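Report on the following structure.
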Amino acid sequence: MALCRHGLCTPLPQIVRDRLPPGHPARVLEEGWRHESNHQQHLTARTGILVRALNAVGIEPMLLKGMALVMGGVLPQPGQRWMVDIDILVPPDQVSAAVATLASLGYRARSRHAAPHHVAAMAMAGSAGEVEVHFDMVPPALQGALPTDAVWERAIRVEEDGLRYALPAPGDAVLHIALHGQHGNHVEPLARIALRHLADLAQMRVRHDPHLDWPALRHRARLAGRSFAFDNHLYQCCRIFRQPWPFPAPVPVAVRLHWRLCLMAATHPRSIGRVLLLRLELASLFGPLAQGRDPLARMLARMALTARLLCKYKWKIVPRLMGKHR
Numbered sequence: 015m016a017l018c019r020h021g022l023c024t025p026l027p028q029i030v031r032d033r034l035p036p037g038h039p040a041r042v043l044e045e046g047w048r049h050e051s052n053h054q055q056h057l058t059a060r061t062g063i064l065v066r067a068l069n070a071v072g073i074e075p076m077l078l079k080g081m082a083l084v085m086g087g088v089l090p091q092p093g094q095r096w097m098v099d100i101d102i103l104v105p106p107d108q109v110s111a112a113v114a115t116l117a118s119l120g121y122r123a124r125s126r127h128a129a130p131h132h133v134a135a136m137a138m139a140g141s142a143g144e145v146e147v148h149f150d151m152v153p154p155a156l157q158g159a160l161p162t163d164a165v166w167e168r169a170i171r172v173e174e175d176g177l178r179y180a181l182p183a184p185g186d187a188v189l190h191i192a193l194h195g196q197h198g199n200h201v202e203p204l205a206r207i208a209l210r211h212l213a214d215l216a217q218m219r220v221r222h223d224p225h226l227d228w229p230a231l232r233h234r235a236r237l238a239g240r241s242f243a244f245d246n247h248l249y250q251c252c253r254i255f256r257q258p259w260p261f262p263a264p265v266p267v268a269v270r271l272h273w274r275l276c277l278m279a280a281t282h283p284r285s286i287g288r289v290l291l292l293r294l295e296l297a298s299l300f301g302p303l304a305q306g307r308d309p310l311a312r313m314l315a316r317m318a319l320t321a322r323l324l325c326k327y328k329w330k331i332v333p334r335l336m337g338k339h340r
């Protein structure tokens, strides 16, 4: 994209394309650009149809994540972002009506699985892209930073092309990007680098940085117990996209060390990456045993679980936890 904007790149001539081997970087980049451009245009058109149908029954949804960046003008060029689905937020008392409206358009629940903050994803046969209807912007664990009522109060109302919808306020969108980027898919405990969410934050900073109250955003992240995750995401964005650190105080040492761990895990996925996965697996096994128990009962429960695991896997326990055996 940057090369094309500066007149240094043109589409591959077919005679050149035919002579490049499969997987050549030039082909991968151009084919990916074409695919994402077509996919984003399809999702944008589907979003217009959805919003119009919801407006017809008195619902003005809020667009979230990638579609909010596209419709809000933060990502004006098609294909600039890898997009998977359409995320919309509706008031909790309008969720049933929104789901019924999507069903009238041919959308059906893809599975019975739902999240604590949205209903099961819905999809239309023969149409790419799912739709997730949210009643909260974030899971309950992050509500301290992004409470639903306050998100709606700060939202930006839009009326354009006969559509009525809302967009998150810039500060809410930035906080959502950072916390979702670190909270989703165990990014932080596995020391992964969420490039798509980092790119979203970089684009939001380009558009809104002079108007963002960074200390207030960090304070809100702290209310949800996620200030470390917020700083992590912001620092990684600064390193990868060469943006300035927005606070007068230096970057916390723990955040710098976590960045180094991310680089090491990316470089050595079969050693450091597996150790981090082992740590996460153990935390998921033993963590719930501490809920509602006194210290002695907690210790006995963990000892009992350890004994069961050792009896079940014996000498294969370490390879099993390291992901070397099914």
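In terms of my numbering, the sequence shown opens at residue 15 and continues consecutively. Where is the CB? At the ideal position from N, CA and C, for every residue including glycine. Just so you know, these numbers come straight off a predicted model, no measurement behind them.
Aspartate 186: member of the alpha helix (DSSP H) spanning 184-197, first to last residue. Boundaries of the alpha helix (DSSP H) around histidine 272: 267-281. Spanning the alpha carbons of serine 241 and proline 153 requires a straight line of approximately 16 Å.
Residue nearest to proline 161 within the set Ala187, Arg171, Met138 and Gly143 is Ala187 (criterion: CA-CA distance). Assignment of isoleucine 207 by DSSP, reduced to helix, strand and coil, places it in the coil class. Comparing alpha carbon positions, the residue from His127, Gln94 and Glu146 closest to isoleucine 102 is Glu146. For secondary structure counted as the beta strand (DSSP E) over 3 or more consecutive residues, the stretch 56-126 holds these complete runs in sequence order: 76-78, 100-103 and 121-123. Judged by DSSP secondary structure, arginine 178 falls within the beta strand (DSSP E) whose first and last residues are 177-181. DSSP, read as helix, strand or coil, puts alanine 137 in strand. A distance of 7 Å or more separates the beta carbons of glycine 185 and histidine 247. Contact annotation, aspartate 99 with alanine 135: C-beta distance approximately 7 Å; criterion of less than 8 Å satisfied. Listed in chain order, the non-local C-beta contacts of histidine 272 below 6 Å within the same chain comprise Asn246, local neighbours out to five positions each way being set aside. Here leucine 294 has His200, Pro203 and Leu204 as same chain residues with Cβ atoms under 8 Å from its own Cβ, once five neighbours each way along the sequence are excluded. Counting along the chain, the unbroken beta strand (DSSP E) around glutamate 173 starts and ends at 170-174. Between glycine 46 and leucine 324, the alpha-carbon positions lie close to 47 Å from each other. Annotated three-state conformation of glutamate 295 is helix, per DSSP. Approximately 45 Å separates the beta-carbon atoms of arginine 307 and glutamine 257; this is outside 8 Å, ruling out the contact.
Cα atoms of valine 267 and arginine 274: separation of roughly 11 Å, rounded to the nearest angstrom. Contact annotation: isoleucine 191 and leucine 215 have beta-carbon atoms nearer than 7 Å. The Cβ atoms of alanine 117 and valine 104 lie no closer than 7 Å to each other. Non-local beta-carbon contacts of histidine 211 in its own chain, meaning distances under 6 Å to residues more than five positions away in sequence, involve Ile191 and Gly195 in chain order. For histidine 233, the enclosing alpha helix (DSSP H) has its first and last residue at 228-237.
At least 7 Å separates the beta-carbon of alanine 159 from that of arginine 41. With contacts defined by Cβ atoms closer than 7 Å, methionine 76 and threonine 61 do not form a contacting pair.
Histidine 225: not part of any beta strand (DSSP E); DSSP gives it neither H nor E. Boundaries around valine 147 are those of the beta strand (DSSP E), 145-148, since no alpha helix (DSSP H) includes it.
By the CB criterion at 7 Å, alanine 321 and leucine 303 fall outside the cutoff. Beta-bridge analysis with DSSP links histidine 53 to no other residue. Across the set Ala243, Trp96 and Met317, the C-alpha of Trp96 shows the shortest separation from the C-alpha of threonine 58. Taking phenylalanine 261 as the centre and dropping the five residues before and after it, the same chain places the C-beta of Trp228 closer than 7 Å to its C-beta, in chain order.
7 Å or more divides the Cβ of arginine 288 from the Cβ of valine 88. For serine 241, the uninterrupted alpha helix (DSSP H) run begins and ends at 241-255, by DSSP. Annotation for arginine 31: the continuous alpha helix (DSSP H) segment containing it runs 28-31.
Residue environment for isoleucine 29: exposed (fewer than 16 other C-beta atoms within 10 angstroms of its C-beta). Here isoleucine 63 is exposed: its Cβ has fewer than 16 other Cβ atoms, across all protein chains shown, within 10 Å.
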